[in-house]
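Student: I'd like to ask you about the structure that follows.
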Amino acid sequence: MDRYSPVAPAAIRVQILPVGHVLPTRFLEAVDQLNLHASTIRLEEVESTLLYNYSTSASSQQEQALSPYELFREPLLVLGVADGLCMDSEERQSELKHAAQCIKERYPRVVHRHILVLQESDEDDNTTAIANEDYHSAACRISARFLIDLSTYAKAMQATPSVQTPGQTAKSIQRIMSILGEEVMQPAPDSGTNTSTQETGSPNGSRPSSRGIHSPPRTSSVATRGVHSPPRSSSAAHHLAGTPPRSSSVASNRSKDHNRLNSQDRAPVFGGKGKDRGKARVGIVLAHIHMMAGHWSDALRMFVEHTSTARHSSDQLWHAKGLEGIAVCMLLLTWAGVEFSIPSICFKAIDRASAQVSRLSGILSSESTVLAAVRKLSTCLPDLYRHILELYASAEGPIELPFIVAAEARIRFGNLMAFIINTNGQLDKSALSLLVERKRESKKPKRRSGNEVLSKSAIAAVVSEAFPTEEDEVPLTTQTLLLTGIYGVYSALNMERKAGLTLAELVSKLTTALTQARKLGAAEAGIHPAASLSVESGSDTVVSEIIESQGAEELAQSLAKVFGINLISEDTNSAVRDFGSDVLKVEVMRRLAAFCGAAPDPDGVLLLESSFLKACTPGSVLDLRPKSYPNKVSRDEQTQHASSMLRTIGMSKHLSVNALAAYWDLYLVRFVEFAPSDNAQALVPYTNTSLITHAQAGPLLYDAHARHAGQGPAKQLLVRNESPTCVVTLQNPLDISVEIESIALESKGVHFTTLAFETTTLGPRCFQQLSFKVSPSEVGEASITGCVIKITGCEKRRFYIFNTPWTPRPSVLVKHQGQAARSGDGSSVTAPLTTVLVQVVPAMPLLELAAPDEKTVFTLLDGEDIAVAMVLRNTTPHLPAAIIAVADTGNILQLEDRKEGTLAIVQPLEKTTLHFRLKGRMGVSQTILHLSYRPNPPSKTDAWVRILVVPLKLTVGSVCQAQDLEITDLNETTIQVSFDLTASTALRYWTQSDEQHGLAPNETRRINLTIQRWDAAPDEDEVELRTELAHRTSVSWRTWTGGCEGKVDLSGLVLSET
């Protein structure tokens, strides 16, 4: 049962212990089975139920001090789970007797001790074996023995004159004492909590035993028919917790009690008002015992009687305890469907006279009567509990209740009010099963507006007073329990923001507790706390805890939803709508990371540390231009969290646990491109080889078939059998550096393999380019969508490409603010993605100059014609190359022995020589030779050719110059071409007549040539006419020494207008 359930005071706390050589898995399985099948035990005789609260942890000293004021806090039953005992019957019985004696010595205050054996064994009054029966049947037999001892304990309690109220000096008085310093304030001698009141037990603080009882007091027997009880013997009283058989020690104990009572003022206890107060306290404790034993009707009657006495005697704290017991009994009777009356003491004084008695029965015929009674009870409970809380806050003189009593009562009140709100006040059996049996209904009732008996804000205000502070001096473990209960109330009220803040505070408290526990454990082991998770200190246990601790991540997820924290996820481009305070997010993640580190939970640490560093980033695609942008935390703190990640990963490797972090910057990859190919590897479509050297624009201002810039992403060309260089640009917005261990392209259509990548460091706050070779796997079109990158300490992950700078903008809509953002459509604007288009062409040969230092600079005279030889080599090992086109930009190179089709074939790893004629021309100082080639033989898929580019430089000297062109008609068939020829050096020249003439340096001579007339086309321009004229006229020259010869270039002559 939940510790903070409204009916928790009626539950019997059972502490379960491992006995013998029971395996942890078997022990935990037994605990789970008991919680599942034996948490409620039906009592047929009184038509009631025993409620058990099973726990494996011992009660604290503070909780023990609250008993019997709050009897449900201390274990009344200790149940040992035994397994792995000897097979021999005698040795097994000896082991069980020894275990029973050890439990008795360790827990002398409990009502009953029992051993549950998980294997075949003999049974007795304190031993039950479940080898041949289920856990529920075994729990029934244990309950029978427990009720016998509980009845004896009730008799002993009734013989007690009074019960002391657990308390502490009021805070107001403590503050006064701290101010005065010298004065010591003593409790008033007539207060209800003075030292003269006798505790319920022996002088050492234990419970009262039967050895102080000589005659059975008047009380109802706690026996049942549904639980088969063994016959009671005269020694039943000896089964009390820690009570040996009667002996001479009874007299000594009684004399000690007598002396203690005689040494104090007994008037408040035995005289007048003090006697009534003591009797009321004992009666309330007995009513509590009856409530635990399942006698809810009798307990209600006893609560009403003794609570009224406590109220009249102004015993406010016990008045509050009695009223809470009445409320619990009414809830249980409602759940059981038993008829009862709402006592008038539950109503306010002004309503007490007119209070109507409400009857509630599970067999009532009128449905309206039942609904009215339920509504009356649900209406009565809020005021009743508020009155109880007011009484709990009061004090008896200088003494007040410990903080935990009122705090847990507030939490129980909050749970009850949240339950009433969520069920629309339907306090029937099916609804109350949620509180008692933890049974969820298949359909939750619809919430109706205006049906709340108490507002959520009022409930939250009451529960908020249960927050522990340093002034309350509450132990750390108790603080965590209280914060857990407060969180549960806020969650039931759907107040997620308050629940998140409470959970964050709980995480901080748990971190402190876990850190202290680790230090204490390391101190006991004699090692440093940092080495407490090493292999030498029990790695197997740590690994099992790491594997089983899956709640830290769920805790982080729940807090992330409340505070709007974007945790690292697999879907890189998905983001939760951003809301909440950045400062609060960072603080919550700090606490969660510290908690996971203390747990230990490596996965949780890495998740939170990665998310923390993610929160430190701007969360945007940064602009490549130099610009300063702030980070949310300092560089030192970033380094601290990165170091924490590395330590956690190292510890995980040491423990053979595969734990890796997720990289925090979603926009790591900015650009993906391939280095441009050099001149020897240029690829062009085969249909465009004729336009290699003379690319002219179309005659139209707009051409629908032409490709324009910005029309779409251009495809980058790659060759199947080659390894192009890929250049990836990365961004790092943080002040810490990271190491890139591996990188691969993520693509569709064609797979790319990364070749020989070395670990590279990505510096802090920078953009950095990484270059590496890739190899395409096949021919076809591919789209590169991102990169798969492995960063040191992080898992391999896919990152999309983000080319365009982008910054998220918060939404201004009200529905996207605060917690309302969680209930929206979940859509959010994300950064635009980029895709790189690539086309992989079939394998191509590669030609290069056999001698890279071969002469490519020539000196010649204008018009001089020389021979040039170029040696080419095919570097491809298995693919011949066919040269299909040759052209140059200056139009001064001419291939010798030119033929149609393939000009030359270069076999793999062989050479070939091409012979050219180079003609000098004034004004031409450079020409670029383009050699177009493709695989041989070509295939249908060879739609691309490769161009080898060879630049040639020329120095052309002038020999002679022609100018002043004049054309004269001679007759209908011939014309005369006249021009002046000026020599720069001594030379000989001749025309078509082959008559040689001499020219001295700087001598000018008029040349007259007669040629046939030709019909020019109507649209032929001047350039074409001049070219045709130069072709029909020929003037050759040779230097006077005969070293060089050539032809006069007449294409540059300008026609005169005459």
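Going by the UniProt record's numbering, the residue at position 179 of the sequence shown is 179; the numbering climbs one at a time, nothing skipped.
Idealized CB from N, CA, C, for every residue including glycine.
Note that the structure is a prediction, hence the values are computed from the model and not measured.
Just to confirm the assignment: which complete alpha helix (DSSP H) runs, minimum length 4, are found wholly within the stretch 292-340?
Tutor: Segments of the alpha helix (DSSP H) lying fully in the stretch 292-340: 296-312 and 316-336.
Student: Where do the N-terminal and C-terminal ends of the alpha helix (DSSP H) with P602 fall, by residue?
Tutor: Run containing P602: P602 to C616, per the alpha helix (DSSP H) assignment.
Student: Within 10 angstroms of its Cβ, does S771 collect 16 or more other Cβ (buried), or is it exposed?
Tutor: Exposed.
Student: Using the Cα positions of T729 and P808, report the straight-line distance between them to the nearest angstrom.
Tutor: T729 and P808: Cα-Cα distance of roughly 22 Å.
Student: Three or more C-beta pairs under 8 Å: does that hold for the stretch 1032-1042 against the stretch 949-956?
Tutor: Cβ pair count under 8 Å is below three, so no.
Student: Round the Cβ separation of V774 and F752 to the nearest angstrom and send it over; I've been treating them as touching at under 8 Å.
Tutor: Indeed, because the Cβ distance is near 4 Å, the residues count as touching under 8 Å.
Student: Got a sec, what are the start and stop residues for the beta strand (DSSP E) K899 sits in?
Tutor: Segment: none, K899 is in no beta strand (DSSP E) and carries neither H nor E.
Student: Helix or strand or just coil, what does DSSP make of I130?
Tutor: DSSP places I130 in coil when its eight states are reduced to three.
Student: Determine, using beta carbons only, whether P9 and E324 come nearer to each other than 8 Å.
Tutor: Closer than 8 Å, so yes.
Student: Apply the 10 Å Cβ neighbour rule to S690 and answer buried if 16 or more other Cβ atoms are within range, or exposed otherwise.
Tutor: Note that S690 scores 47 on pLDDT, short of 50, meaning its location in the model is unreliable and no value can be drawn from it.
Student: So, under 8 Å CB-CB, L931 and V886 are touching, yes? Tell me the CB distance rounded to an integer number of Å.
Tutor: Their Cβ separation, rounded to whole angstroms, is 6 Å, which keeps L931 and V886 in contact under 8 Å.
Student: Just the C-alpha distance for R311 and S394, rounded to the nearest angstrom, thanks.
Tutor: Using only the alpha carbons, I get a separation of about 13 Å.
Student: Taking the straight line between their C-alpha atoms, what separation do you get for L85 and Q33?
Tutor: Straight-line Cα distance between these residues: approximately 21 Å.
Student: Mapping the DSSP letters down to three states, classify M870 as helix, strand or coil.
Tutor: Correct three-state label for M870: strand.
Student: Sort out for me which residues DSSP pairs F767 with in a bridge.
Tutor: Paired residues: Q731.
Student: Would you list the one or two residues that DSSP bridges to S932?
Tutor: Bridge partners of S932: A885 and I947.
Student: Beta-carbon within less than 6 Å of K429's beta-carbon, same chain only, minus the 5 sequence neighbours each way: which residues are those?
Tutor: W335 and G337, listed in sequence order.
Student: Just the Cα atoms here: how many angstroms apart are A131 and L118?
Tutor: Approximately 6 Å, taken between the alpha carbons.
Student: Could you check the C-alpha separation between Q316 and I399 for me, to the nearest Å?
Tutor: Using only the alpha carbons, I get a separation of about 12 Å.
Student: For E910, which residues of its own chain have a beta-carbon under 8 Å away from its beta-carbon, when the five flanking residues on both sides are left out?
Tutor: For E910, where only same-chain residues beyond five positions count, the Cβ hits under 8 Å are R873 and N874.
Student: Using DSSP's beta-bridge definition, name the partner residues of N1008.
Tutor: Answer is S978.
Student: Can you look up S656 in the DSSP assignment and give me helix, strand or coil?
Tutor: Coil.
Student: For a test of the three-state rule: what should DSSP assign to R635, helix, strand or coil?
Tutor: Helix, per DSSP.
Student: Going along the chain, which residues of its own chain have a beta-carbon closer than 8 Å to the beta-carbon of G20, five neighbours each way excluded?
Tutor: Once the five neighbours on either side are set aside, the close Cβ partners of G20 are A82, D83, G84, L85, E95 and A99.
Student: By DSSP, does C787 sit in helix, in strand, or in coil?
Tutor: In the structure shown, C787 sits in a strand (DSSP, three-state: E or B).
Student: Between A882 and N721, is the Cβ-Cβ spacing less than 8 Å?
Tutor: Against a cut-off of 8 Å, the Cβ pair of N721 and A882 comes out as no contact.
Student: Below 8 Å on the Cβ atoms is my contact criterion, and I expect V906 with P880 to pass it. Report the Cβ-Cβ distance as a whole number of Å.
Tutor: Contact flag correct, Cβ pair sits at about 7 Å.
Student: For Y54, which residues does DSSP report across the bridge?
Tutor: Bridge partners of Y54: V14.
Student: Just checking, does the stretch 133-145 make contact with the stretch 102-110 on the three C-beta pairs under 8 Å criterion?
Tutor: Taking 8 Å as the limit for Cβ pairs, the verdict is that the stretch 102-110 does not touch the stretch 133-145.
Student: Buried or exposed: where does S455 fall if 16 or more other Cβ atoms within 10 Å of its Cβ makes it buried?
Tutor: Exposed: under 16 other Cβ atoms inside 10 Å.
Student: Here's a check: name, in chain order, each residue in its chain whose Cβ is nearer than 8 Å to the Cβ of P908, leaving out the five neighbours to either side.
Tutor: Excluding positions up to five away in sequence, the list reads P845, N874, T876, P877, H878, L879 and P880.
Student: Would you check if the distance between the CB atom of F802 and the CB atom of Y667 is smaller than 8 Å?
Tutor: A contact, by the Cβ cut-off of 8 Å.
Student: For the beta strand (DSSP E) containing G80, list its first residue and its last residue.
Tutor: L77 to D83 is the span of the beta strand (DSSP E), which, as asked, contains G80.
Student: Where DSSP assigns a beta bridge to C86, which residues make up the other side?
Tutor: Answer is none; C86 lacks a bridge partner.
Student: Between E848 and the rest of its own chain, which residues show a CB-CB distance below 8 Å, the 5 nearest in sequence each way excluded?
Tutor: Closer than 8 Å at the Cβ level, and outside the excluded window around E848, lie A680, L872, R873, T875 and L948.
Student: Apply the 10 Å Cβ neighbour rule to K899 and answer buried if 16 or more other Cβ atoms are within range, or exposed otherwise.
Tutor: Flag for K899 reads exposed.
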